[in-house]
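Read through the structure below, which is laid out as C-alpha cells, and then see the notes.
Dropping the structure here:
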C-alpha cells in the first residue's frame, strides 16, 4: 500500500471542520480547484468518497467521519510533539491549570499546594466549562478543575478523575442557626444558593422533600461571592465548608448541625496525551 499523503489529509481536515470548500481555500491560501483536486486524490487513495454535497454544504460521509477522527488524533499528536520539544530546554514546563470561575478558591489552592513554592511555574486560568475544555482539547491546558464529570460538560475525549468530595452544609452567623429543625431553618432564614450546579440540584430536591418554599436571598454563580455574602450576614450559605474554611477557622462563621445529604464532587479533567505534564500524576493520585 502506498504511503498516505499527509498534506492531502490536512487539507481534508480543514475542509471537514469548515464545511465549506470556498472558505477553506481562502483561509489556506489555495485555489479552490487545487484544494478540490487534493481531496479527490485522497478519496481515490482511500477508495471511498469522504464528502457528499447537500444543498450548498459539504457533509461528511460515514467514511469521512472515520477519517476525520483519525486525522484529529494524528495532527493533535503532532502539535503536542512540537509544543513539547519547544519547551524541552526548560527544567520543568509550566503547569497550565484551568478552573471553573465558580470553583472555590480554597479548593484550587489545596489542589495546587504541593507544587507551590517549588521550581514549577503554575499558570492558572479561570473560565466557563466550554472554554476551558476547548483549551484542554487543544492542549493549551494540562488539566481542568471542575465540579461536574465530563459527560455532563459536553463529552469529548476527556477523562474525569474524582479527586475529592465535600459535604454541603449551611453556614452563617450563630444567631441565624438557632432553629430546632432543618425544616424551620430552611423555611425561616434567608439563603445564599449557588446557581446551575450539583449543589443547586440537591438543594431543590431537599426543599421539595420537606415541602417548603425557601427564602432565597441571593442566587450566586461564584463561590467567592457566596463567601462574601455570608460574611456580610446576608443569609446562610449553602456550600461545602471549604468555601468558608478561613471564616469557620476564625470563628466568624459557624455550621449548622443538620445533614443536608448533599455531596459535591471535585474533578480533575484531563485529555489523553502522549506527553502529560510530569507533575500531573502526583497531583491527581495523592
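Numbering (full-length UniProt numbering), first residue to last: 1 to 286.
C-beta atoms are modelled at their ideal positions from N, C-alpha and C, and glycine is treated no differently.
Nothing here was measured: the structure is a model prediction, and the numbers come from that model.
For a test of the three-state rule: what should DSSP assign to residue 205, helix, strand or coil?
Helix.
Residue 142 to residue 27, Cα distance in whole Å?
Whole-angstrom Cα-Cα distance: 29 Å.
By Cβ distance below 7 Å, which residues in the same chain neighbour residue 210 in space, the five residues on each side in sequence not counted?
183 and 186
Every unbroken alpha helix (DSSP H) within the segment 82-129, with a cutoff of 4 residues, ordered by chain
105-112
Short Cβ contact (8 Å threshold) for residue 179 with residue 244
no
Have a look at residue 62 and residue 38 and give me their C-alpha separation to the nearest angstrom.
20 Å
Between which two residues does the alpha helix (DSSP H) holding residue 40 run?
The continuous alpha helix (DSSP H) containing residue 40 extends over residues 32-46.
Taking the beta strand (DSSP E) that residue 263 falls in, what are its first and last residues?
263-271
Suppose the cutoff is 7 Å on Cβ atoms and the five residues either side in sequence are ignored; what does the same chain contact list for residue 31 look like?
The answer, listed in chain order, is 25.
Range of the contiguous beta strand (DSSP E) that encloses residue 165:
158-172
Just to check my reading of the structure: residue 279 and residue 71 have Cβ atoms closer than 8 Å, yes? What is that Cβ distance to the nearest angstrom?
Not confirmed; about 31 Å, so no contact.
If you run the structure through DSSP and keep just helix, strand and coil, what is residue 191?
strand
Residue span of the beta strand (DSSP E) that contains residue 144, given as start and end:
143-146
Just how far apart, CA to CA, sit residue 116 and residue 103?
19 Å
Are residue 265 and residue 162 close, meaning C-beta to C-beta below 8 Å?
Yes, the Cβ-Cβ distance between residue 265 and residue 162 is below 8 Å.
Around the C-beta of residue 230, are 16 or more other C-beta atoms found within 10 angstroms, so that it is buried, or is it exposed?
buried
Closer than 8 Å, CB to CB, is residue 158 near chain B or not?
In the structure shown, chain B cannot be found, because there is only a single protein chain.
Just to confirm the assignment, what range does the alpha helix (DSSP H) spanning residue 227 have?
223-231
Using DSSP's beta-bridge definition, name the partner residues of residue 51.
60
Can you tell me the Cα-Cα spacing of residue 252 and residue 147, whole angstroms?
27 Å
Please name the residue or residues paired with residue 240 in a DSSP beta bridge.
168
Straight-line gap, residue 35 to residue 140 (C-alpha atoms, nearest Å)
The straight-line gap from Cα to Cα measures roughly 29 Å.
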